[in-house]
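Residue numbers (full-length UniProt numbering): 1 to 239. Report on the structure given below.
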Amino acid sequence: MSQKSAIERKIRGLLAKAADQEGTPEGDAFQAKAFELMAHYGVEESQVNGDESSQLIAESISLGGAHTPMQFRLLSSISEALSCTIVGTGNGRKITKVTIFGRRRHVERVMMLFTILNPQMATGATKAAKTANNPWGETTAVLKRSWMRGFIYSIGQRLKNIEKTVVEEATAQGTGTEISLVDDLRAAEEMAEKEHPDRKTLTTRARYDAELVQKGSDSAENTDIGQTRINKQPVALTA
């Protein structure tokens, strides 16, 4: 079994345990451990396979099923935390294809995490919608979308914080490999701009239920849910 396959198996197992114990300190600990393992894998790749892992690449994936805009958001949140950027093809209601731009070691980690977390997000949203307190009589789609929004926020914040901490520790230890997440993200954005100079930001409006956003966010702090209905953030798409 390759190192990449072994890492993916461990991360998948940890995140499965986190999902089973969602909303508990144990669940948070399993998720944090998975993200920390992923961050260390990125650092090790930069040290062992520096030139190859630092290549700028673009990988495309297809989105399908329900809630593709939220799948896009999850992929965007993971990508931003791991120094990548994405461009989607579609519109505010249906996004069919997404291209991830970034250094190879980052793009591979983005794709690995997304394939694990995307089905978990769908399952979690379905469970939450079935048991939700719904005084406003919102549709199931609104309830699911709301839970997903909170989930995506929490994932992005935790992953970003852990990634930053692990890279700072590696730099402080004098590993001999200079790692700059800011530079990596800038390089990814420049590549995306070159490949898709016509891309534009599309803003749409959608309703969210504040309680489900909070539940999806789990232990994330400072989520902007001041109103029962909140607007969808701009989504970067190709024309």
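Quick reminder that beta carbons are idealized off the backbone N, C-alpha and C, glycines included.
{"Asked": "Same chain, Cβ closer than 8 Å to Lys160, neighbours up to 5 away in sequence not counted", "Found": "Glu80 and Ala81"}
{"Asked": "Separation of Asn133 from Arg12, as counted between CA atoms", "Found": "31 Å"}
{"Asked": "Best match in Ala19, Ala141, Glu168 and Ile116 for proximity to Tyr208 [C-alpha to C-alpha]", "Found": "Ala141"}
{"Asked": "For Asp28, the nearest candidate out of Ala58, Ala18 and His106 (CA to CA)", "Found": "Ala18"}
{"Asked": "Closest Cα partner of Gln214 within the set Glu168, Ala129 and Ala188", "Found": "Ala129"}
{"Asked": "Assumed close pair Leu185, Ile155 - CB separation to whole angstroms, cut-off 8 Å", "Found": "Wrong, their Cβ atoms sit about 18 Å apart, outside the cutoff."}
{"Asked": "Beta carbon of Glu45 nearer than 7 Å to that of Ser54", "Found": "no"}
{"Asked": "Thr62 - DSSP class collapsed to helix/strand/coil", "Found": "Contrary to the premise, residue 62 reads as Ser rather than Thr in this sequence. Ser62 falls in the strand class under three-state DSSP."}
{"Asked": "Residue interval of the alpha helix (DSSP H) (run including Lys127)", "Found": "Arg104 to Thr131"}
{"Asked": "Which listed residue (Arg158, Cys84 and Leu113) has its alpha carbon closest to that of Gly16", "Found": "Before going on, a small fix: residue 16 reads as Ala here, not Gly. Ranking Arg158, Cys84 and Leu113 by Cα distance to Ala16 puts Leu113 first."}
{"Asked": "Strand pairing of Leu212, partner residues [DSSP]", "Found": "Partner(s): none; Leu212 has no beta bridge."}
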